[in-house]
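Chains A and B are the protein sequences, given in the same order.
Residues 6 to 269, numbered by the working numbering, are exactly what the first sequence covers, in order.
Residues 6 to 269, numbered by the working numbering, are exactly what the second sequence covers, in order.
Glycine included, each C-beta is placed from N, C-alpha and C at the ideal position.
Number of protein chains: 2
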Amino acid sequence: MMDTVKSDAPSGAQSIHRTAAVLRALAAHAGPGMRLSDVMTMTGLQRPTAHRMLQALILEGLARQDAETKRYRLGPALFELGLAAAPRFDIRGICGPSLDRLAAATEDTAFLTVRSGYDSVCLDRREGSYPIRVLTVEIGGRRPLGTTAGSLALLCDLDARECEEVIAFNAARLTEYARLKADGLRALAERGRTLGYALNDNDFTPGITGLGVSLPPAPGRQPIALSVVALSGRLAEPRRSKIVAMLKTEARKIAAEFGGGATP
Amino acid sequence: MMDTVKSDAPSGAQSIHRTAAVLRALAAHAGPGMRLSDVMTMTGLQRPTAHRMLQALILEGLARQDAETKRYRLGPALFELGLAAAPRFDIRGICGPSLDRLAAATEDTAFLTVRSGYDSVCLDRREGSYPIRVLTVEIGGRRPLGTTAGSLALLCDLDARECEEVIAFNAARLTEYARLKADGLRALAERGRTLGYALNDNDFTPGITGLGVSLPPAPGRQPIALSVVALSGRLAEPRRSKIVAMLKTEARKIAAEFGGGATP
DNA sequence: ACTTAATAGTCCATAATGTGGACTTTGGAG
DNA sequence: CTCCAAAGTCCACATTATGGACTATTAAGT
Numbered sequence: 006m007m008d009t010v011k012s013d014a015p016s017g018a019q020s021i022h023r024t025a026a027v028l029r030a031l032a033a034h035a036g037p038g039m040r041l042s043d044v045m046t047m048t049g050l051q052r053p054t055a056h057r058m059l060q061a062l063i064l065e066g067l068a069r070q071d072a073e074t075k076r077y078r079l080g081p082a083l084f085e086l087g088l089a090a091a092p093r094f095d096i097r098g099i100c101g102p103s104l105d106r107l108a109a110a111t112e113d114t115a116f117l118t119v120r121s122g123y124d125s126v127c128l129d130r131r132e133g134s135y136p137i138r139v140l141t142v143e144i145g146g147r148r149p150l151g152t153t154a155g156s157l158a159l160l161c162d163l164d165a166r167e168c169e170e171v172i173a174f175n176a177a178r179l180t181e182y183a184r185l186k187a188d189g190l191r192a193l194a195e196r197g198r199t200l201g202y203a204l205n206d207n208d209f210t211p212g213i214t215g216l217g218v219s220l221p222p223a224p225g226r227q228p229i230a231l232s233v234v235a236l237s238g239r240l241a242e243p244r245r246s247k248i249v250a251m252l253k254t255e256a257r258k259i260a261a262e263f264g265g266g267a268t269p
Numbered sequence: 006m007m008d009t010v011k012s013d014a015p016s017g018a019q020s021i022h023r024t025a026a027v028l029r030a031l032a033a034h035a036g037p038g039m040r041l042s043d044v045m046t047m048t049g050l051q052r053p054t055a056h057r058m059l060q061a062l063i064l065e066g067l068a069r070q071d072a073e074t075k076r077y078r079l080g081p082a083l084f085e086l087g088l089a090a091a092p093r094f095d096i097r098g099i100c101g102p103s104l105d106r107l108a109a110a111t112e113d114t115a116f117l118t119v120r121s122g123y124d125s126v127c128l129d130r131r132e133g134s135y136p137i138r139v140l141t142v143e144i145g146g147r148r149p150l151g152t153t154a155g156s157l158a159l160l161c162d163l164d165a166r167e168c169e170e171v172i173a174f175n176a177a178r179l180t181e182y183a184r185l186k187a188d189g190l191r192a193l194a195e196r197g198r199t200l201g202y203a204l205n206d207n208d209f210t211p212g213i214t215g216l217g218v219s220l221p222p223a224p225g226r227q228p229i230a231l232s233v234v235a236l237s238g239r240l241a242e243p244r245r246s247k248i249v250a251m252l253k254t255e256a257r258k259i260a261a262e263f264g265g266g267a268t269p
């Protein structure tokens with residue numbers, strides 16, 4: 006079984022792990038939706054199992070099925086539950102001003118990214134004024150950790166053991182989101198650690214590059230990163246260093262905000 | 006087993022129904038969090054089952070436990086999944102202007118509510134300028150259908166069979182949210198249907214009253230209601246009729262908006 | 001229009017998963 | 001220090017969920 010479900014001891018909780026895996030898969034393909042066979046391959050579940058779980062999720066409003074295309078998507082109940090969770094986890098208010106400044110100053114696209122297990126999630130984004138806009142990830146979009154500039158910055162912060170665990174877990178699905186195999190990603194992470202910022206130039210979408218910086222990890226707070234993505238030509242030196250400096254300044258400002266108010 | 010899990014045939018999906026019930030319970034007590042025993046009574050699960058499920062949810066980031074108080078809450082993964090679902094289900098953008106107008110004109114609190122299974126969920130709210138603010142439900146707050154003005158308007162729209170099913174299901178937990186028993190709620194729903202709007206004067210919080218109006222139900226779109234809540238004295242005739250008229254006008258405007266753009 | 005291929009959906013005997021009665025641990029109040 | 005309530009744990013057992021094999025449906029090819 007090609008297991009996309011967490012490998013850790015799911016003692017008496019297989020079904021919850023599988024359910025969560027299905028929901029994550031649906032979230033990762035929010036746009037077009039997923040066919041049953043997509044869900045099967047993404048989660049490693051058998052056909053009847055995936056089907057039965059999806060039907061149950063639909064009954065609970067956690068998923069939906071397009072009657073015409075048969076494709077599955079996230080359901081309204083998930084949005085509603087998210088709303089209840091938002092007061093504790095929605096940091097867009099705190100980080101918004103930084104994104105505004107980054108997008109305004111660079112004229113390119115600025116992203117706010119957090120870690121979520123083996124994935125990263127884009128929480129917010131701002132478009133700059135430059136006429137060619139690079140919009141690689143939607144708000145709410147999930148990616149394997151490391152396949153996006155912000156995401157890569159988060160991966161660089163992990164210790165060797167954890168980093169390897171993430172890469173190993175994501176190995177199979179890397180190519181869906183990046184022109185990378187496990188060693189390529191390992192190399193990117195290594196370079197990021199020496200540079201002090203994440204430089205994502207794997208050209209999955211050729212001609213664009215991303216710069217990512219993470220907030221200094223704080224206990225109890227989930228890992229957060231800021232990034233700017235643009236046409237590669239616009240991120241050559243000396244502009245690159247300037248943008249990295251701005252990212253670091255904004256990251257420090259946000260970290261300071263968290264120092265005051267509590268964020269579980 | 007006092008079953009707070011959906012009664013419909015959960016064929017091969019008990020665990021998903023139970024999981025969803027736990028998540029809904031956590032969402033309904035988002036503020037203070039829930040103790041393990043609260044989860045047990047709210048869901049009808051045994052202690053070891055509830056505990057094991059919560060631990061699994063925590064592993065997936067769908068729940069959290071306060072290390073000090075041991076209380077359980079919704080986790081960050083739920084906010085992240087909600088973000089991915091938001092583009093399809095977040096109607097706050099469409100309804101915001103109506104809430105603004107209602108809050109401004111009445112000077113009281115305006116709510117946007119949708120149905121979610123046997124519950125209603127508050128999606129948005131606006132405070133008016135009157136110095137005494139009535140804030141009965143938070144954004145994201147869940148209530149048994151009928152225990153809130155908007156919620157009651159939604160209940161009134163259901164056909165007899167469905168209405169009775171909802172009331173029967175919620176009977177046990179009504180008193181937690183309203184000074185009502187099943188027949189009391191039946192009567193409120195009945196009155197709402199004859200009046201043409203929901204009038205919530207069960208005084209769970211004494212001295213306040215709510216007026217609710219639902220959008221004409223449309224196929225494929227989930228049920229939506231608008232409501233205004235205020236000190237009872239401020240909702241006597243002739244003001245009451247004026248506010249009801251405003252609610253109906255805004256409901257019509259929103260319904261018209263939906264006519265144009267699609268809403269799954 | 002007919003054949004083939006691919007995907008969705010269903011059935012049911014089987015065993016692995018999750019269950020819950022009973023027990024232990026923790027922590028707070030008197 | 002003792003008592004009580006709540007959290008957390010263990011493990012024999014049977015209910016639940018599993019998946020191999022089958023059917024139904026839809027799309028594509030000639």
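query: Under the DSSP definition of a beta bridge, which residues are partnered with B/Q70?
result: B/Y77
Assign B/G146 to one of three DSSP states: helix, strand, or coil.
-> coil
Which of helix, strand or coil does DSSP assign to A/T54? helix
Taking 7 Å as the cut-off, is the beta-carbon of A/T46 closer than that to any non-hydrogen atom of the ligand SAM? The ligand SAM is absent from the structure shown, which contains no ligands of any kind.
Can at least three beta-carbon pairs, one atom from the segment 115–125 of chain A and one from the segment 148–156 of chain A, be found at a separation below 8 Å? yes
Neighbour flag for A/S42 against chain B, beta carbons, 8 Å | no
Q: Kindly indicate which residue of A/H22, A/L190, A/D206, A/P92 has the alpha-carbon position closest to the one of A/C161.
A: A/L190
| query | Taking one C-beta from the segment 62–70 of chain B and one from the segment 214–229 of chain B each time, how about it: are there three or more such pairs within less than 8 Å? | reply | no
By Cβ distance below 6 Å, which residues in the same chain neighbour B/A14 in space, the five residues on each side in sequence not counted? Because the pLDDT of B/A14 is 47, which lies under 50, any placement of that residue in the model is unreliable, and the number read from its coordinates should be weighed accordingly. So no residue of the chain qualifies.
Along chain B, in chain order, which residues have C-beta atoms closer than 8 Å to that of A/Q227? P81
Exercise. Taking A/A109 and A/E132 to be in contact with their CB atoms under 8 Å, please state how far apart those CB atoms are, rounded to whole angstroms.
Key: Contact flag wrong, Cβ pair sits at about 10 Å.
Of all the CB atoms in chain A, is at least one closer than 8 Å to the CB of B/V233? no
Coarse secondary structure for B/G189, derived from DSSP in three states: helix
**Study point:** Rounded separation between B/L86 and A/L200 - CA only
**Key:** 32 Å
How is B/R134 classed by DSSP in three states: helix, strand or coil? Before going further, note that residue 134 of chain B is Ser rather than Arg in the sequence given. Three-state DSSP puts B/S134 in coil, outside helix and strand.
In the segment 162–230 of chain B, which residue ranges form an unbroken alpha helix (DSSP H) of at least 4 residues, counting only runs that do not cross its ends?
165–175, 179–182, 187–200
| Just the Cα atoms here: how many angstroms apart are A/D164 and B/G146? | 39 Å
| Exposure label - B/D208; buried when at least 16 CB within 10 Å | exposed
_Buried or exposed, going by whether 16 or more other CB atoms sit within 10 Å of the CB of A/G238?_
exposed
Open item on the list: Per DSSP, what are the beta-bridge partners of B/C127 in this structure?
Closed with: B/T118
- Message: I need the boundaries of the alpha helix (DSSP H) containing B/T111, first residue and last residue.
- Response: 97–111
Does A/M45 have its Cβ less than 8 Å from a Cβ in chain B?
-> no
Alpha helix (DSSP H) containing B/S237: first to last residue?
Unbroken run through B/S237: none, as it is neither H nor E.
| request: Would you please state the rounded distance, in angstroms, between the beta carbons of B/L157 and B/L193? I believe it to be under 8 Å. | output: 6 Å
inquiry  = For the alpha helix (DSSP H) containing B/M39, name the first residue and the last one.
reply    = Run containing B/M39: none; DSSP gives neither H nor E here.
(Q) Please identify the residue among B/S42, B/R97, B/M58, B/A91 whose C-alpha is closest to the C-alpha of B/R76. (A) B/S42
- Query: Taking contact to mean at least 3 C-beta pairs separated by less than 8 Å, is the segment 87–97 of chain A in contact with the segment 84–98 of chain B?
  - Reply: yes
Output needed for B/A260: all residues of its chain with C-beta closer than 8 Å, excluding positions within five of it in sequence on either side, in chain order.
L220, P221, A223
**OP:** Spatial neighbours of A/V218 within its chain, please: CB distance less than 6 Å, with the 5 preceding and 5 following residues excluded, ordered by chain position.
**Re:** A158, Y202, L231, L252, K253, A256
* Asked: Quick one, which of A/P136, A/V119, A/L185 has its alpha-carbon nearest A/V142's?
  -> A/V119
key: Supposed contact pair A/V234 and A/T114 - C-beta distance, whole angstroms, cut 8 Å   = 5 Å
Item to complete: With DSSP as the reference, label A/A256 as helix, strand or coil.
Response: helix
*With DSSP as the reference, label A/A18 as helix, strand or coil.*
coil
Q. Beta-carbon of B/S246 versus every beta-carbon of chain A: anything under 8 Å?
A. no
* Counting contacts by CB-CB distance shorter than 8 Å, is A/R147 in contact with chain B? -> yes
Exercise. So which residues on chain B does A/T24 lean against when the C-beta distance must stay under 7 Å?
Worked result: I21, T24
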